[in-house]
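So the protein lines, in turn, are chains L and H.
Using the numbering used here, read the first sequence as starting at 1 and increasing by one per residue.
Using the numbering used here, read the second sequence as starting at 1001 and increasing by one per residue.
A virtual CB, placed ideally from N, CA and C, is assigned to each residue, including glycine.
Everything on this sheet refers to the single structure shown next.
Number of protein chains: 2
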Amino acid sequence: MDRRQEILEAAAKSFSLFGYKATTMDQVAKIANVGKGTIYTFFANKEELFHAIVLKMIEEMRAAADAAFVEGASFQQNAHARLMQMLKFRETHQLYAKLIDEEKALRTPAVSEVLQTIEKEAVSYIQEKIEKAIAKGELKPCDAELVAYLLFKSYLALVVDWGKNHGTELDEERIVALISDTIFKSLVI
Amino acid sequence: MDRRQEILEAAAKSFSLFGYKATTMDQVAKIANVGKGTIYTFFANKEELFHAIVLKMIEEMRAAADAAFVEGASFQQNAHARLMQMLKFRETHQLYAKLIDEEKALRTPAVSEVLQTIEKEAVSYIQEKIEKAIAKGELKPCDAELVAYLLFKSYLALVVDWGKNHGTELDEERIVALISDTIFKSLVI
DNA sequence: GAGTGACCAGAAATGATTTTTAGTCATACG
DNA sequence: CGTATGACTAAAAATCATTTCTGGTCACTC
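Listed below in structure tokens is the structure:
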């Protein structure tokens, strides 16, 4: 049993269960069955340990989004599936959900930072896909960074924000209809 | 001099200068040169007084947006001008700016509520314009509520949020180009 | 009868005191 | 040796008793 690995697993468990602030280094050490000092031979401080965990989560998110890909489906359909997958992650993935709660309730700065990082990562991911699609001739050339940003923010607004004000969730078909009518209209070749 | 009017002016001044929480009823009474009890003959409580002030501000915002209208310009151009005007209001209008600060720093519930109301009002305003344009045959029929929501959130993201992550403001031409390429593409007749 | 400000109860600020916790390092151990 | 450890520390955070503030009322005034 790799000590570093034990620590990572213990930290992942604790951060997922209690969030960033409520996770203490003593607790991680206890769960991992190591002395507290040992943690500091692998990670400079609590925040770096946290970052390592979050990085792993980002990998999982990319993997989940990639898994939504369907060979032969249109770029639009795949982009939709990927975006929905990433947004579902906010509720599905225990750590992600916990961090969102903590951000709302506590405003822990380390958490706010990390959540921004995750969003940036999601936008980069979309941007990548757009650029590849342009290279393959599936999409017209466009400002990929901007379009990725607009797409992500639009999905966030329609899938996540809408429900908060209007009480009732927006159903997926209406979203697809709207987005493919508008944003995608000019992109698809 | 109308006592009610004096109170409204005093309250507007104080809320704009100090925000909701830091404005005390004693202070409003002093500025308005009335006894504190007098305020309560016109307004049931602090929150209702606040609402009255905010309602006035919403009127001003609509008026500012209407003032951006140019006879003969395309719907798209006018919608852009109107949205930009409303978003500028966040920095321009002292009360609006103050409330945004207070929301970020204090999370005063009354302020969060009111800010949501203002956003809803802005979306309704856009929705109105879209519906009129559809009736006039300037736009294709569409789900006006959804499109208004998407438009507003997109502008908010591009004009307000973008700068926060990327450091540098997004310039207006790029925004126009993107939005007219995407969202408007399918709407305009 | 409209207007007022002293008054009150509950909320919030203050600050002294205690507890918790991230990070260190002298020591034990293999 | 060098790696792991947990007692230790300084600083941050929680707690709590006390004081101050503030929204709202109402007996009184003019």
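Here the alpha carbons of L/G19 and H/Q1085 stand approximately 40 Å from one another. Between L/P141 and H/I1130, the alpha-carbon positions lie close to 29 Å from each other. Judged by DSSP secondary structure, H/M1001 falls outside any alpha helix (DSSP H); it is assigned neither H nor E.
Residues of the segment 97 to 113 of chain L whose Cβ lies closer than 7 Å to any Cβ of chain H: none. Between the alpha carbons of L/L139 and L/L8 lies a distance of about 41 Å. Secondary structure note for H/V1114: its alpha helix (DSSP H) is the uninterrupted segment P1109 to A1135. Any Cβ of chain L closer than 8 Å to the Cβ of H/Y1155 would place that residue at the interface, and such an atom is absent. The continuous alpha helix (DSSP H) containing H/V1054 extends over residues K1046 to A1067. Taking 8 Å as the cut-off, the beta carbon of H/G1163 is found no closer than this to the beta carbon of H/L1156. H/E1169: not part of any alpha helix (DSSP H); DSSP gives it neither H nor E. Of all residues in the segment 137 to 152 of chain L, only C142, D143, L146, V147, Y149 and L150 come within less than 8 Å of chain H when Cβ atoms are compared, listed by chain position. The bridge partners DSSP lists for H/L1139 are H/V1188.
In terms of Cβ geometry, L/L99 and L/L87 do not form a close pair [threshold 8 Å].
When Cβ pairs closer than 8 Å are counted between the two stretches, the segment 58 to 74 of chain L is seen not to touch the segment 32 to 40 of chain L, the count staying below three.
For L/S16 and H/S1014, the gap between their C-alpha atoms comes out near 44 Å. By alpha-carbon distance to H/F1184, the top candidate from H/K1030, H/R1003, H/E1103 and H/A1148 is H/A1148. According to the DSSP assignment, L/A81 belongs to the alpha helix (DSSP H) that extends over F75 to T92. For a Cβ distance threshold of 9 Å, residue set D1143 and L1146 of chain H lies close to L/R174, ordered along the chain. Under a criterion of Cβ atoms nearer than 9 Å, no residue of chain H is adjacent to L/T41; the nearest Cβ is some 35 Å distant. Contact between H/S1154 and H/Q1076 does not hold, since the beta-carbon distance rounds to 13 Å and is not under 8 Å. Using a Cβ distance threshold of 8 Å, H/Q1127 and H/E1103 do not count as a contacting pair. Below the 8 Å Cβ cutoff, chain H contributes T1182 and I1183 as neighbours of L/I183, in chain order. When rounded, the separation of the alpha-carbon atoms in H/E1059 and H/D1101 is 21 Å.
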